[in-house]
Amino acid sequence: MKIKELFNKSPVISLEIFPPKPETSIDTVFDTIDALSDLKPDFISVTYGAGGSSKSHTVQIADIIKNKYGIEALAHLTCISSTKKEVEDILARLRSSNIENVLALRGDRPQDGTCILEEAEYGYAKDLIAHIRNFGGFSIGAACYPEVHVEARDSLSDLRSLKAKVESGADFLITQLFLDNNFFYDFKEKLDLIDVNIPVSAGIMPVINKKQIERITSLCGASIPAKFKRILDKYENNPEALKEAGIAYAAEQIIDLLSSGVDGIHLYTMNKPEVARKIIGQISNIRSYLGNNIKYA
Ligand code: FAD
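Under this note's numbering, think of the first position of the sequence shown as 11, with each following residue one higher.
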């Protein structure tokens with residue numbers, strides 16, 4: 011099923027996982043999928059080469075999610091250092107596995123400078139989106155940034171780029187993580203003003219490690235609100251307490267978003283099913299009140 015259609019019964023609850031690093035066996039991710047499948051998400055997305063994970067496993071993992079577990083799969087695909095031929099090979103593999111959903115991304119610039127944008131076959135994600143639309147058969151998602159993408163000249167130019175992605179054929183959006191819902195609400199108002207009306211899933215990352223969130227936010231430009239900074243400072247040397255506080259904080263963010271009529275919640279699971287399980291457990295009753303009848307067992 012195309013994810014675009016899933017949003018007809020929003021809120022859509024989705025989970026994100028990443029393939030293991032190249033030196034680690036792919037088998038490690040299967041236990042993760044097994045545990046996450048119990049949570050009955052509307053779809054599971056699989057990243058592509060993010061954080062050093064193996065690109066080559068994305069299609070294989072998406073295939074297992076879709077064809078072994080019967081859960082919709084969203085395969086991420088980046089274009090910054092890909093040729094059109096490589097992209098078409100991946101799309102053909104996805105098609106033959108009956109996977110109908112792609113999150114089309116530019117990808118981060120490699121830090122070793124191996125890819126100069128001017129020499130690349132794709133300039134920006136909008137070019138990949140247009141190519142996938144032309145290839146046919148996929149519901150296409152794109153990334154968006156409530157706190158503005160780190161490379162953007164300013165908020166307005168970032169919004170213009172986002173509008174171009176929608177005009178190229180994106181059907182739905184998933185946000186970068188944010189820890190303050192007000193950024194999301196302000197962003198949604200701006201989308202209304204520029205007539206971007208496709209569904210937007212809110213990307214929520216449960217924070218269970220201080221160093222990790224400081225590294226991630228310094229790379230992606232998301233800010234850490236004072237309220238959450240106090241939690242990090244208080245529990246940085248008490249991993250169990252920080253984990254519980256991070257789970258409660260994420261659940262509170264999600265309940266607020268659901269109450270405000272969000273189209274979807276996309277949980278960055280960081281391949282930690284026990285954390286996702288606790289969060290989904292905390293929101294499951296709210297989900298059922300909102301008409302999303304899938305109930306956490
Ligand atoms: P684009 O939309 O192309 O934008 C990139 C930058 O270029 C922005 O600053 C934009 O404002 C600017 N821009 C766009 N068009 C123009 C133009 N015409 N002129 C001037 N400037 C322009 N990375 C991975 O490697 N693998 C993943 O699996 C992955 N999954 C992700 C999932 C989500 C939900 C999100 C939010 C991000 C993900 N990323 C992933 C990270 C993403 O690849 C980076 O944020 C990347 O730097 C930008 O990708 P994009 O698709 O948003 O790029």
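C-beta atoms are modelled at their ideal positions from N, C-alpha and C, and glycine is treated no differently.
Just to confirm, is the Cβ distance from residue i to residue j under 7 Å?
i	j	result
Ile90	Gly117	yes
Tyr278	Met215	yes
Ser56	Gly274	First, the residue type needs correcting, since residue 56 is Val and not Ser in the sequence shown. Not closer than 7 Å, so no.
Lys198	Ala174	no
Thr88	Leu115	yes
Ala180	Ile150	yes
Pro30	Thr38	yes
Ile36	His67	yes
With respect to 6 Å, is the separation between the Cβ of residue i and the closest non-hydrogen atom of the ligand SAH below this value?
i	result
Ala162	Absence of the ligand SAH from the depicted structure is noted, with the ligand FAD being the only ligands included.
So which of the options has the shortest CA-CA distance to residue i?
i	options	result
Ser269	Tyr195, Ile27, Ile81 and Ile223	Tyr195
Leu46	Lys282, Val112 and Ile296	Lys282
Glu15	Glu98, Gln70 and Phe148	Phe148
Leu252	Leu104, Asn219 and Lys239	Asn219
Ile75	Ile54, Ser165, Gly59 and Thr88	Ile54
Arg287	Phe182, Lys200, Ile234 and Asp44	Asp44
Arg170	Glu246, Gly80, Asp202 and Asn191	Asp202
Val206	Glu254, Leu172 and Ile226	Leu172
Lys237	Asn191, Tyr79 and Ile265	Asn191
Under the criterion of a Cβ to heavy atom distance below 6 Å, does residue i qualify as lining the ligand FAD?
i	result
Ala153	yes
Thr93	no
Gly62	no
Arg116	yes
Tyr58	yes
Ile184	yes
Ala135	yes
Asp52	no
Gly274	no
Thr88	yes
Ser171	yes
Gly231	no
Asp181	no
Which same chain residues end up closer than 7 Å to residue i when comparing Cβ atoms and leaving out the 5 residues on each side of it in sequence?
i	result
Lys94	Glu131 and His141
Ala232	Glu157, Gln186, Leu187, Phe188 and Leu189
Asn303	Because Asn303 carries a pLDDT of 47, less than 50, the predicted location of this residue cannot be relied on, and no value is offered for it.
Pro32	Ser64
Ile208	Val176, Ala180, Asp181, Phe182 and Leu183
Can you give me the Cβ contacts of residue i inside the same chain, cut-off strictly under 8 Å, excluding the 5 residues immediately before and after it?
i	result
Met11	Glu82 and Glu110
Ser107	Val69, Ala72, Asp73, Lys76 and Asn77
Sorted by chain position, which residues of the same chain lie with C-beta nearer than 6 Å to residue i's C-beta, five sequence neighbours on each side aside?
i	result
Ala212	Thr185, Phe194, Leu267, Val272 and Ile275
Ala72	Val56, Ala83, Ala85 and Ile109
Lys19	none
Ser178	Lys136, Ile139 and Ala140
Gln292	Ala261
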